[in-house]
Amino acid sequence: MMGPMAIDQSVKFAGAHQLGIERLCVFGMPPVEFVTLAADLDCRWVGMGLTAMRYYNPHGYRDWSLRDDPALRRETVSAMRDSGVGLSLMEGFGIQAGTDPRDMAGDLDIVCELGGTRINAASMDRDAQRTFDGFAVLAEMADTRGIEVSIEIGPGPVGNMAAALNAVRHVNRKNFRLLIDTMHYFRRGGSMAEFTAVDPALIGYVQLCDAPLVSSFASYMEEALYERMVPGTGDLPLRDFLAAVPPEVIVSMEIPQRSLAAAGVGPHDRVGACLDAARALTRDKM
Numbered sequence: 010m011m012g013p014m015a016i017d018q019s020v021k022f023a024g025a026h027q028l029g030i031e032r033l034c035v036f037g038m039p040p041v042e043f044v045t046l047a048a049d050l051d052c053r054w055v056g057m058g059l060t061a062m063r064y065y066n067p068h069g070y071r072d073w074s075l076r077d078d079p080a081l082r083r084e085t086v087s088a089m090r091d092s093g094v095g096l097s098l099m100e101g102f103g104i105q106a107g108t109d110p111r112d113m114a115g116d117l118d119i120v121c122e123l124g125g126t127r128i129n130a131a132s133m134d135r136d137a138q139r140t141f142d143g144f145a146v147l148a149e150m151a152d153t154r155g156i157e158v159s160i161e162i163g164p165g166p167v168g169n170m171a172a173a174l175n176a177v178r179h180v181n182r183k184n185f186r187l188l189i190d191t192m193h194y195f196r197r198g199g200s201m202a203e204f205t206a207v208d209p210a211l212i213g214y215v216q217l218c219d220a221p222l223v224s225s226f227a228s229y230m231e232e233a234l235y236e237r238m239v240p241g242t243g244d245l246p247l248r249d250f251l252a253a254v255p256p257e258v259i260v261s262m263e264i265p266q267r268s269l270a271a272a273g274v275g276p277h278d279r280v281g282a283c284l285d286a287a288r289a290l291t292r293d294k295m
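All residue numbers for the sequence shown refer to my numbering, where the first residue is 10 and numbers rise by one.
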């Protein structure tokens, strides 16, 4: 089952980099406004969730749910079709103890309705085998809908590249690939040598930010959810990393900047600066 949209991205965005904007950048912005922002910034992709992220809302956005509001889904599809912006990733597919991945079938159908072709699956379950089995069920369900499943290295049982590759081998499906979040990957000991040794066909998606190699935050998740750095302003080897990313892979900004939002800097200026920096890093590559 495929979504209703067939966007010709080359028409509006000819010559542009394959860059996207993740939902963490915009702190609960409703979907139609998010799509409009991306188009205004000449960015072709947005990564969303099915519901608003409700823990921080500096701009007073209304609450919303794509899961529960069919009218909002129709409006979002229309906004994407009119602007040429596509849905690069849908977040929020979590494997947890005591839950059945088959219960996510309805959410996968909504991803199709929105024209999406990729979801991000994560797990905080301490049982790696149960996590990998859950990934396999989810990947099978997604495959019947033409959806790719990505997993990222980070907190939880997929804590390093070795664990991620074990998950890939266990699931053993072409629609199951890796998402590399640059903060998570390098902070958790990932190296350029390790990254370039991976089969490029396994790299499905990149979430880009910069960061210091040693955090000044008391909580890892505090930093990850609220305060990341513009590409090129931290310690991560982003230029070398991006040079090794396959050219067809979307590189999407995941750069929450709570301090700037609190200071009154709006999403257009915050995200625009991140995109400008990413374009500078990728100009000779993408």
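Just so you know, even glycine gets a beta-carbon here, dropped at the ideal spot from N, CA and C.
Remember, it's a predicted structure, so these values are computed and weren't measured experimentally.
Cβ neighbours of residue i in the same chain (closer than 6 Å, five flanking residues each side left out)
i      : result
Asp72  : Ala61
Ala137 : Pro166
Val146 : Pro110
Tyr65  : Phe36
Gly58  : Arg32, Glu100 and Gly101
Gly243 : Asp219, Ala220 and Pro221
Distance between residue j and residue i (C-alpha atoms, nearest Å)
i      : j      : result
Pro44  : Gly93  : With the sequence shown as reference, residue 44 is identified as Val, and Pro is not the correct amino acid for it. When rounded, the distance between both Cα atoms is 9 Å.
Ser200 : Pro209 : 15 Å
Leu81  : Ala206 : 43 Å
Ala220 : Met89  : 31 Å
Gly115 : Ala130 : 15 Å
His179 : Gly29  : 29 Å
Leu245 : Gly56  : 22 Å
Ala227 : Ser87  : 43 Å
Thr108 : Val215 : 28 Å
Asp77  : Glu263 : 26 Å
Ala176 : Met170 : 10 Å
Arg267 : Asp91  : 31 Å
Leu75  : Leu123 : 9 Å
Glu203 : Leu222 : 17 Å
Met38  : Leu269 : 16 Å
Ile162 : Leu98  : 16 Å
Close Cβ partners of residue i (< 8 Å) along its chain, the five nearest in sequence each way excluded
i      : result
Ile156 : Leu117, Val120, Cys121, Gly125, Thr126, Arg127, Ile128 and Asn184
Gly213 : Arg127, Glu157, Ser159, Arg186, Leu187, Leu188 and Val258
Ala4   : The requested residue 4 is not part of the displayed model; the chain covers only 10 to 295.
Gly104 : The sequence given here places Ile at residue 104; Gly does not occur at that position. Around Ile104: Pro110, Ala130, Ala131, Ser132, Asp134, Arg139, Thr140, Gly143, Phe144 and Leu147.
Ala282 : Val239
Gly275 : His68
N- and C-terminal bounds of the alpha helix (DSSP H) containing residue i
i      : result
Ala272 : Per DSSP, Ala272 belongs to no alpha helix (DSSP H) and is neither H nor E.
Gln138 : Ala137 to Asp152
Gly281 : Pro276 to Thr291
Val120 : Ala114 to Glu122
Leu4   : Residue coverage of the chain in this structure runs from 10 to 295, which leaves residue 4 outside it and unanswerable.
Met170 : Met170 to Val180
Glu232 : Tyr229 to Tyr235
Met201 : Met201 to Ala206
Top-ranked residue by Cα proximity to residue i, from the options
i      : options                           : result
Ala106 : Ser132, Met99 and Leu98           : Ser132
Phe144 : Ala173, Leu123 and Asn169         : Ala173
Glu231 : Leu33, Gly29, Gln27 and Asp91     : Leu33
Thr191 : Thr153, Arg182, Arg139 and Ala233 : Ala233
Ser261 : Glu236, Ala287 and Arg267         : Ala287
Gly168 : Gln266, Arg154 and Phe195         : Phe195
Pro164 : Thr153, His193 and Glu149         : His193
Arg154 : Glu161, Asp285 and Met113         : Met113
Leu50  : Arg292, Leu284, Arg63 and Arg237  : Leu284
Start-to-end residues for the beta strand (DSSP E) that takes in residue i
i      : result
Glu100 : Gly95 to Ile104
Arg186 : Phe185 to Asp190
Ala130 : Arg127 to Ser132
Val55  : Trp54 to Gly58
Ser224 : No beta strand (DSSP E) contains Ser224, which DSSP labels as neither H nor E.
Glu157 : Glu157 to Glu161
8 Å Cβ cutoff, residue i in contact with chain B
i      : result
Ala130 : In summary, chain B is missing from the structure at hand, where a single protein chain is found.
Residues near residue i by beta carbon distance below 7 Å, same chain, minus five either side
i      : result
Lys294 : Its pLDDT being 43, under 50, Lys294 is placed unreliably in this model, and the coordinates cannot settle the point.
Glu84  : Val41
heavy atom of the ligand PLP below 7 Å from residue i C-beta
i      : result
Ala202 : Looking for the ligand PLP in the displayed structure turns up nothing, as the structure carries no ligands at all.
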